[in-house]
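Asks:
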Amino acid sequence: MSGMIQPPTTYAEWVELLNMLEQKTDDENVRTALKQGKIAWQSGVAERFAKKLIDTVNARLDAAAEKFQKEISRANGQERAIVQALLSLRKELSFLLDIMDMPALPKKDRVHYCSLVREHADRMQSSLESSARSDRSGKMSVLIRNYKINEI
Numbered sequence: 001m002s003g004m005i006q007p008p009t010t011y012a013e014w015v016e017l018l019n020m021l022e023q024k025t026d027d028e029n030v031r032t033a034l035k036q037g038k039i040a041w042q043s044g045v046a047e048r049f050a051k052k053l054i055d056t057v058n059a060r061l062d063a064a065a066e067k068f069q070k071e072i073s074r075a076n077g078q079e080r081a082i083v084q085a086l087l088s089l090r091k092e093l094s095f096l097l098d099i100m101d102m103p104a105l106p107k108k109d110r111v112h113y114c115s116l117v118r119e120h121a122d123r124m125q126s127s128l129e130s131s132a133r134s135d136r137s138g139k140m141s142v143l144i145r146n147y148k149i150n151e152i
C-alpha cells in the first residue's frame, strides 16, 4: 500500500492505523497520517487509545529486539554486520520515539510516552554493554559504545 493515507479522526481510524503500524505496513505514510491525526481526548476513548498505542509500540519494540538478536547471531563477529544491526535497531527506536510524539496527544502524555521509549532504549543499551563484557577481544564493547542504540 502506498500513497496518501487519510489522517485519523475517529477512534476506529486510529486503531486501523495503529494495526498497520504494528504490522509494519507502509511505515512512512502511516507515520505522516498519525502525525496529522486528531482525536477527541475524552475519558473512555483516551484510556483505550493510550493502551492501544502502548501495546502497538511494545509489539514493535519486541519485534525490533528479536530482529536484532537474529542479525547479531548471523553476524558471526563480522564488524560490518554488527554495526548494521546496531544502526537498524537505533533507527527503529528513533522511529518509535517519533511516533510517540504525535501532536494529537496532550503534551504531558507525549512526554510520558516518549520517555517510555527512551527508557527502553537505555535499558537495551545497558544490557548490550553488559553482555559485551564477556567478549574477550573487546571488539563488541567498542562497537556497542561507538554505535549506541539509545542515541535517538
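Quick note on this note's numbering: the sequence shown kicks off at 1 and runs consecutively. Glycine included, each C-beta is placed from N, C-alpha and C at the ideal position.
#1: Could you confirm whether any beta carbon from chain D is found closer than 8 Å to the beta carbon of E47?
#2: Please report the residue range of the alpha helix (DSSP H) in which S131 lies.
#3: Tell me the rounded alpha-carbon separation between A46 and F68.
#4: Does the region 69-83 touch the region 3-17, meaning 3 or more C-beta pairs lie closer than 8 Å?
#5: Please report the residue range of the alpha helix (DSSP H) in which N29 lies.
#6: Using the three-state DSSP reduction, which class does M4 fall into: helix, strand or coil?
#7: Which residue wins for smallest C-alpha separation from T9, given the options L87, S94, K35, S126?
#8: Since E151 is in the alpha helix (DSSP H), which residue starts that stretch and which ends it?
#9: Exposed or buried, M100, counting other C-beta atoms within 10 Å across all chains shown (16 or more means buried)?
#10: Hey, how far is the Cα of F49 from the Cα of R145?
#11: In angstroms, rounded to a whole number, what distance separates the CA positions of S130 and A75?
#12: How long is the line joining the alpha carbons of L87 and Y147, rounded to whole angstroms?
#13: Could you give the C-beta distance for E79 and L143, rounded to a whole number, given that I count them as a contact under 8 Å?
#14: Taking D62 as part of the alpha helix (DSSP H), name the residues at either end of that continuous run.
#15: Could you give the C-beta distance for R90 and I5, rounded to a whole number, given that I count them as a contact under 8 Å?
#16: Taking DSSP as the reference, what is the three-state secondary structure of A40?
Replies: Judging by the given coordinates:
#1: Of the protein chains in the structure, only one exists, and it is not chain D.
#2: 107-132
#3: 33 Å
#4: no
#5: 27-36
#6: coil
#7: K35
#8: Neither: E151 is in no alpha helix (DSSP H) and is coded neither H nor E.
#9: buried
#10: 36 Å
#11: 19 Å
#12: 7 Å
#13: 7 Å
#14: 45-75
#15: Rounded, the Cβ-Cβ distance is 26 Å, inconsistent with contact.
#16: coil
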